[in-house]
Amino acid sequence: MTQGLAIDNLALEFAHGRGRAAAVNGCNLLVRPREILGLVGESGSGKSLTALACLGLTPSSCRVSGSVRVNGDEIVGACEATLTNLRGRRIAMIFQNPMTALNPYFTIGNQMLGVIRQHFSLDRSQATQEAAAALKQAGLTETALNRYPHQMSGGQLQRAMIAMAIACKPEILIADEPTTALDVTVQARILGLLRSLADQGMGILLITHDLGVVAQVADRVAVMYSGSIVESGDLNQVFSATAHPYSLGLMQASPVMGMGRRKLQAISGVVPDFRSRPAGCAFRDRCTQAQEVCALGATPYTEISADHQVRCHFPIGKSQGAELT
Amino acid sequence: MLSPTFSHLSSWPARYVAWSRRNIFVTMCATGFSLIVLAALLAPFLGLPDPAKIDFSVKLLRPSSMHWFGTDALGRDIFSGVVHGARISLLVALGVVFMAAAIGIPIGLISGYAGGWIDTFFMRISDIFLAFPPLLLPITLSALLGPGLFNATCAVAISWFPWYARIIRSSVLTVKSELYVQSARAIGTNPFSIAMRHVLPNSLSPVVVQASLDFGFAILTTASLSFIGMGAVPPTVEWGLMVASSRSVFLEYWWTAMFPGLAIFLTVFFANVVVDGVRDSLDPKLRGQP
């Protein structure tokens, strides 16, 4: 049994015309305990959909295939009752916009108690203690229990949401752009909080489009492009020996503080719509290295060094056409 | 609660007075409505004559200091009838609105939340109810159930519930896709408590508005049913029934129809103005406007 969250060959397809179009295709990820995996990609690359699939929350029009396992328990195809038990207890998720992710009608405490008491047989005071402990762990005080969402700031709400997600001590936490709506100082604290949760044993899948955030807290990183993972591996490996032209493009497109004035390199073109993705490598129309072979069939996902995989025929830094398996 | 325009006033009575000055008409109607409610509550303790007591020796008397609103063809005191009738009318209106909401809300919630064939099933049933002309269905239903106030209340409630079901369904559909509902699912909240704790409370406000607007209309509809003999039966004292019993005499003895009719008119009117005023003052979009 693989420890942590194991995603194998996950494909998420939607009906399109007479056939189906895959929004996510061939997604392989592994989030180990005590580890933060940063999942990076442009808008529309399928990051959030992948996250929802990990909880079995994909829309009903979506056809899921492949496998998502949480410490060995299969999510794909599990029945709703099983999923309800797994969610929160084994795997939980925090969302991008904390302002709208909490029910405005109930206090934070009220919303937390409901979930805690559903997963554990605790009486009210024990559950309150659990909730208070989770809030404290997330950097809030017990007073937050009696607050309504509108009485709190964005940063506090994000903490409250994290507290709610960790209240049942899940093994895996999925954070879907948890800091996008927050300013940088609050962002730094939230990232610190995620880091400390990982250090205590949780496996965290951190979804973001901010490479800076990944560099700051992640142990490993995976780059997603148009529904598939194009490069993944150890943070240092991927950042220092970037192999996929798309990953390199992403890095060249992000500003670096203190590097003086330089023109940012934009990747030409746009992400292809998943309904009309070109055959072969999805990135080939925008790639400077593309050759004929890139248009032929699915590009293999190869290991170029220990804990560093790339989906490219011509990884940067390797001799042309070399494919190491 | 009240407009932020008055938020500089510290105490709530001061704020209320300021609000009343700007909404003088609503305040007047609210006062009138409160008087009617008060009369309804206190009717048995006012020392009025029994409104159902028949005494032919005093029939069809003009309004006087003895009988403020006169007496009807059976010698019943009309003032006492109007005051006691307020009890019935308000109670029936509350009953209609609550019953219609009690049937409509669960159906709308289940339809909107479950979707699929369940949704189709309930909504087509609602469509059947809504296909009848507004007063025809209550009349038919009361004819089936037999006369009597309770039956009339049920008849009106049954013919109105589809409105509530539809309103709640449409707001459930919106709320269902809110992020907090998804985030509740993501931490493993079971579907029942998502529906009850997250979806329902957040979908309720349009129904509350509709229910309060319907309050006046419910009085009118049950009075209409009583008028055509489908609602209250003697000796119950009900405004619609009072108007009905004056039919043969009111051309000469105007007070027999006028006072109960006026009671219906004023209650419905006050109720609608007050509900509108309160709704406007709670609506953030209309705040601060004259």
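For the protein sequence lines, the chains are A and B, in the order given. Just so you know, we're using this note's numbering here: the first sequence kicks off at 1 and counts up by one. Just so you know, we're using this note's numbering here: the second sequence kicks off at 326 and counts up by one. Here a beta-carbon is modelled for each residue, glycine too, at the ideal position from N, C-alpha and C.
Closer than 9 Å at the C-beta level to chain A, one finds these residues of the segment 498 to 526 of chain B: E503, L504, Y505, V506, Q507, S508, A509, R510, A511, I512, G513, T514, N515, P516, S518, R522, H523 and P526. Sorting B:I413, B:I464 and B:W337 by C-alpha distance to the C-alpha of B:S549 places B:I464 at the top. B:C479 and A:N9 have their alpha carbons spaced roughly 58 Å apart. For the segment 181 to 210 of chain A, the set of positions with a beta-carbon nearer than 8 Å to some beta-carbon of chain B is empty. Considering only beta carbons, the part of the segment 97 to 130 of chain A lying closer than 8 Å to chain B consists of N97, T100, A101, L102, N103, P104, Y105, F106, Q111, G114, V115, Q118 and H119, in chain order. Per DSSP, the continuous alpha helix (DSSP H) segment holding A:Q216 begins and ends at L211 to V217.
Residue range G441 to L455 is occupied by the alpha helix (DSSP H) that includes B:R449.
The residues I492 and S496, in chain order, have a CB closer than 7 Å to that of B:P531 in the same chain once the five nearest residues on each side in sequence are set aside. Excluding sequence positions up to five before and after B:A355, its CB lies within less than 7 Å of the CB of V599, all in the same chain and listed in chain order.
Of the candidates B:S570, B:G565 and B:R572, B:G565 places its Cα closest to the Cα of B:S414. With a contact defined as Cβ atoms closer than 8 Å, A:A163 and A:M112 qualify at about 7 Å. If the five residues before and after A:F274 are omitted, its C-beta is found closer than 7 Å to the C-beta atoms of A21, A22, A23, S226 and G227, all from its own chain and listed in chain order. Distance from the Cα of A:G233 is smallest, within the candidate group A:R311, A:R277, A:N97 and A:Q158, for A:R311. DSSP, reduced to helix, strand and coil, places A:V76 outside both helices and strands of the structure shown, so it counts as coil. Per DSSP, reduced to three states, the secondary structure at B:H523 is helical.
Within 10 angstroms of the beta-carbon of B:G372 lie fewer than 16 other beta-carbons, which makes it exposed.
Around the CB of B:W485, 16 or more other CB atoms lie within 10 Å, so the residue is classed as buried. Residues of chain B whose Cβ lies closer than 7 Å to the Cβ of A:G77 do not exist, since the nearest Cβ in that chain is about 18 Å away.
DSSP lists A:I172 as the bridge partner or partners of A:G203.
Taking the Cβ atoms as the reference, A:A78 lies roughly 11 Å from A:V64, outside the contact range of under 8 Å. In the DSSP assignment, A:Y225 falls within the beta strand (DSSP E) that extends over R220 to Y225.
DSSP places A:Q309 within a strand segment (E or B) once states are collapsed to three. Listed in chain order, the positions of the segment 147 to 169 of chain A with a beta carbon within less than 9 Å of a beta carbon of chain B are P149, M161, M164, A165, A167 and C168.
DSSP places B:D605 within a helical segment (H, G or I) once states are collapsed to three.
One thing to note: B:V524 has its Cβ within 9 Å of the Cβ of B:K501. Under the Cβ criterion of 9 Å, A:E80 is counted among the residues facing chain B. When the alpha-carbon of A:I116 is set against those of B:I428, B:R572, B:D444 and B:N515, the nearest one is in B:N515. Per DSSP, reduced to three states, the secondary structure at A:G26 is strand. In this model, B:G473 and B:R572 are separated by some 20 Å (Cα to Cα).
Counting only Cβ-Cβ distances below 9 Å, A:G88 has contacts in chain B at A511, I512, G513 and T514, in chain order. Per DSSP, reduced to three states, the secondary structure at A:C62 is strand.
Of A:A138, A:P278, A:M251 and A:C287, the smallest CA-CA separation from A:Q265 is found for A:M251.
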